[in-house]
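For reference, each letter of the sequence shown is one residue, going -29 to -1, 1 to 397 in mature numbering (1 follows the signal peptide of the UniProt record, and there is no 0).
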Amino acid sequence: MLKAFRAGRQQLRRSVAVVATTTLALALAACSGGASPAASDGPASGTVTVWVGSWWEPNVQAIQTAWKADHPEITLDLELLPISGYADKFTSSALGGTPPDLVDLDVSMLSSIAAKNLLQPMTDFVASEKIDKSAYAQAVWTASTFKGTQYGIPDHAFSSFLYYNKSLFDKAGLPYPTADWDYATFLADAQKLSGDGVSGFGMAADLSDPANAMDFIAQCIWGHGGDIFNADQTKATINSPEAVAGLTYWADLYTKYHVVPSGTPNFTVTRDVVPLFEAGKVAMVSQGAQLMTEFAKHPDIDYGMVTMPGKVNRGGGWTMGLPVGAKNPAAAKVFLSWFADAKRQGELMPTTPAIIRSNDVAPWNKKQFAVSTAAFADSRSLPQVANWTPMQTAIVTELQKVLVGQKSVQQAADSMAQQLDALQGS
């Protein structure tokens, strides 16, 4: 049961690392500027091949039925891929000149792939199709760009918010958190909730999944007025006073206030924190809407949801990219335009849609999704830089040194900034 959830969590949100391809393949890509040129757009016909994650499976038939009704002249081939090795499989196929016509990408994959010149710019397509970027959850739209160029049209968006155990709040005599709370109140509540084998909050810091840990780390940085990079993402600012204040807040939850589990340095949210929340051993956890599916299996858990403190949260999602070397770009663009429709996306997406008005469509208009939808307005994306995967590993590695007392927060932040700037130039 939990195994299925873990897979779903990875599939929905995250920062899946783009595994490096062989040295020879990368060298060829660098020399050629990417894969083979795309075929010229012509009349839309034939077959359009779209790679999506395996979690689309429950909705494939509905998508096929709706597509055939509107576009009988084009055969839609939806290929379902497991999340394991997803980005690497696409990179290899694109470098080898055999990409799909469209690929659905976690936005955390996009910058690394775009930096290899494996995706076609879509800025002109957005303009010609009059796709309104303001209609989308802004975190996933922003993360679909690289160096100011649009490389994807989002289909799934997520926001992060807080789940809390109502029974534990009642036992501690605490009022339930409200949308106007701040990080001081969050800490005070976590302290009062901790004790008798219960931790007030659960967070991740395990290097086996640095992307999982980065969610709350980034939220603490942003919530204290800091950022990881400057505005144009050319210089690391993670060692600024504001960012260090956020990192200090994060680390103090473990080192000073002891309101998170003792195993935190080796925890991921999905593998470790969620089971503790379900067992009543953790009172609060930050995640997205996908946890509702998991908690539905445990009707005995009386939980509530609230937006994150400080009115900022880590958002993201998935976005459709048009590969360089696509054999049927004309049909691919027809599909992109067809799916960039609020009602259609709301009815056909298996996960929370990227178009905000899609959340007015069932099932996304149900009361249980209200907090998730409200959180879109305050969602921010992680940096859109080519080497983000090793960068987040560097950040979590340095923070682990803080947790075990090897470095101060400032020392760790200074080291992070040096490593991030070096990776920017690599």
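Here a beta-carbon is modelled for each residue, glycine too, at the ideal position from N, C-alpha and C.
Values in this document were obtained by computation on a predicted structure and should not be read as measured data.
If you draw a straight line from the Cα of L178 to the Cα of T364, it comes to about 7 Å. Around the C-beta of E50, fewer than 16 other C-beta atoms lie within 10 Å, and the residue is accordingly described as exposed. Fully enclosed beta strand (DSSP E) runs of no fewer than 3 residues occupy 73 to 77 of the segment 49 to 104, in order along the chain. Following the DSSP letters along the chain, one finds S343 inside the alpha helix (DSSP H) bounded by residues 341 to 346. Judged by their CB atoms, S170 and V231 are nearer to each other than the 8 Å cut-off. Relative to F172, the option among A302, T235, A33, E44 whose CA is nearest is T235.
A301 and G17 have their C-alpha atoms some 10 Å from each other. Your pair M255 and L158 does not check out as a contact, with CB atoms roughly 11 Å apart and the cut at 8 Å.
For Y274, the closest alpha carbon among the candidates Y135, Q316, K206, A216 is that of Y135.
When the five nearest sequence neighbours on each side are left out, the beta carbons in the same chain lying within less than 7 Å of the beta carbon of V332 are those of K314, G317, E318, in order along the chain. DSSP, read as helix, strand or coil, puts P294 in strand.
CA-CA distance, Q91 to K118, rounds to 13 Å.
Per DSSP, the continuous alpha helix (DSSP H) segment holding N183 begins and ends at 181 to 194. Cα atoms of T156 and K60: separation of roughly 45 Å, rounded to the nearest angstrom. In the three-state DSSP reduction, D126 falls in the strand class (E or B). When beta bridges are read from the DSSP output, T120 appears opposite F117. Shortest Cα-Cα distance from A114 to any of A325, V375, V342, A383 involves A325.
Contact between T20 and D72 holds: their C-beta atoms lie close to 5 Å from each other, under 8 Å. According to the DSSP assignment, S386 belongs to the alpha helix (DSSP H) that extends over 380 to 395. The C-alpha of I54 lies about 17 Å from the C-alpha of V31.
Between the C-alpha atoms of N336 and K104 there is a straight-line separation of about 21 Å. Selection Y107, V295, L247 evaluated against G68 yields V295 as nearest (Cα-Cα).
In the DSSP assignment, F132 falls within the beta strand (DSSP E) that extends over 132 to 136.
Here G317 carries a helix assignment [DSSP, helix/strand/coil]. Looking at the backbone, the Cα of K304 and that of I327 are separated by about 22 Å.
Under the DSSP definition of a beta bridge, I326 partners with Y107. Look at the beta carbons and you see the segment 339 to 347 touching the segment 262 to 282: at least three pairs across the two are nearer than 8 Å.
Taking every protein chain shown into account, the CB of P146 has fewer than 16 other CB atoms within 10 angstroms, so this residue is exposed. I192 is not a Cβ neighbour of L224, given a cutoff of 8 Å. Residue range 274 to 277 is occupied by the beta strand (DSSP E) that includes V277, with no alpha helix (DSSP H) assigned at that position. Secondary structure at F248: helix, using DSSP grouped into helix, strand and coil. Between H127 and the set S79, M320, S308, the nearest pair of CA atoms involves M320.
The Cβ-Cβ distance between G197 and T205 does not fall below 8 Å. Nearest neighbour of Q377 by Cα position, chosen from T226, G144, W38, A143, turns out to be T226. Residue nearest to A108 within the set V373, D41, R351 is R351 (criterion: CA-CA distance). Ranked by Cα distance from L353, the first of W112, V23, W26, T94 is W112.
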